[in-house]
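Numbering (the UniProt record's numbering), first residue to last: 1 to 275.
So, in structure tokens, the structure goes:
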């Protein structure tokens with residue numbers, strides 16, 4: 001059987017773990033998948049996508065800085081992509097039209113619940129940041145019915161905009177927005193959706209948000225404990241997790257969207273941890 005071509009597109013892209021993840025999925029499932037990485041010029045994303053599908057490509061993952069462009073470029077968007085305002089998964093439908101999906105939110109929820117045993121229903125959740133990464137995960141988190149979801153951000157207006165956008169999805173969840181300095185009591189779950197950890201910085205939140213039972217999740221990942229997770233441990237967090245599992249889970253959901261086959265994620269996460 002001839003391998004079918006998939007890829008991840010970004011700039012820069014050499015650091016991406018996606019080719020390794022999807023190769024492991026292909027080996028595990030026996031699916032005829034060949035997966036590569038493509039660095040698109042900053043001003044040539046649409047041309048790169050068009051060329052990929054013209055030469056027979058079957059599906060693309062999209063990463064920084066092109067997720068919003070992928071969303072705009074698509075002829076159709078899934079409900080979760082529509083709400084996220086960004087896309088990390090592209091494919092052609094039966095009419096040869098470009099469809100955009102977003103699997104990031106599913107990725108973080110599955111990682112929290114399946115891999116770390118954190119059931120979101122009824123929890124008090126604090127999310128740091130209000131950029132594209134956070135917008136992509138709010139809908140799927142709300143679907144799990146936490147008791148409270150507070151979005152905190154340096155620019156409060158951006159957090160308030162997300163509250164307005166997702167108000168109809170909140171159901172019984174108390175959804176609110178505030179600045180970084182406002183939260184001053186412990187939360188059950190804190191999710192860092194800022195990129196501060198990548199620069200070794202910390203969002204200016206009070207240590208009072210951490211209690212002895214608080215679980216902290218940094219959407220960034222690294223070989224060492226992230227800066228944010230180390231701060232959380234130093235201030236008494238119950239446990240901390242980084243975003244590697246989210247990366248693998250969102251990839252598995254993309255694989256399922258393309259192939260109709262859902263790979264096992266636990267062995268892949270374990271293998272990446274030991275690479």
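Glycine included, every Cβ here is placed at the ideal spot set by N, Cα and C.
Where the beta strand (DSSP E) containing residue i begins and where it ends
i: residue 91; result: 89-92
i: residue 262; result: Premise fails: residue 262 is in no beta strand (DSSP E) and is neither H nor E.
Spatially closest choice to residue i from the options, by CA coordinates
i: residue 181; options: 155, 161, 264; result: 155
i: residue 107; options: 270, 251, 273; result: 251
i: residue 61; options: 100, 261, 83, 75; result: 100
i: residue 271; options: 113, 5, 21, 129; result: 21
i: residue 83; options: 134, 262, 227, 192; result: 134
i: residue 274; options: 223, 260, 229; result: 223
i: residue 30; options: 259, 152, 8; result: 259
i: residue 46; options: 120, 161, 98; result: 98
Buried versus exposed call for residue i [16 or more other C-beta atoms within 10 Å across all chains shown]
i: residue 104; result: buried
i: residue 42; result: exposed
i: residue 164; result: exposed
i: residue 265; result: buried
i: residue 242; result: buried
i: residue 183; result: buried
i: residue 16; result: buried
i: residue 247; result: buried
i: residue 237; result: buried
i: residue 218; result: buried
i: residue 197; result: buried
i: residue 263; result: buried
i: residue 132; result: buried
Cut-off 8 Å between Cβ atoms - residues of its own chain near residue i, not counting five sequence neighbours on either side
i: residue 232; result: 190, 210, 214, 216, 240
i: residue 88; result: 61, 62, 63, 67, 70, 101, 102, 103, 104, 136, 250, 254
Spatial neighbours of residue i in its chain, beta-carbon cut-off 6 Å, leaving aside the 5 residues before and after
i: residue 149; result: 125, 173, 175
i: residue 122; result: 147
i: residue 34; result: 3, 5
i: residue 158; result: 130
i: residue 354; result: Any question about residue 354 goes unanswered here, given that the chain covers just 1 to 275.
i: residue 245; result: 111, 115, 269
Residues near residue i by beta carbon distance below 7 Å, same chain, minus five either side
i: residue 166; result: 138, 139, 142, 175
N-terminal and C-terminal residue of the alpha helix (DSSP H) that residue i is part of
i: residue 144; result: It is not in any alpha helix (DSSP H) - residue 144 carries neither H nor E in the DSSP assignment.
i: residue 51; result: 45-54
i: residue 279; result: Any question about residue 279 goes unanswered here, given that the chain covers just 1 to 275.
i: residue 271; result: 266-274
Nearest-angstrom beta carbon gap, residue j and residue i [assumed within contact, 8 Å]
i: residue 194; j: residue 128; result: 5 Å
i: residue 52; j: residue 38; result: 7 Å
i: residue 269; j: residue 115; result: 7 Å
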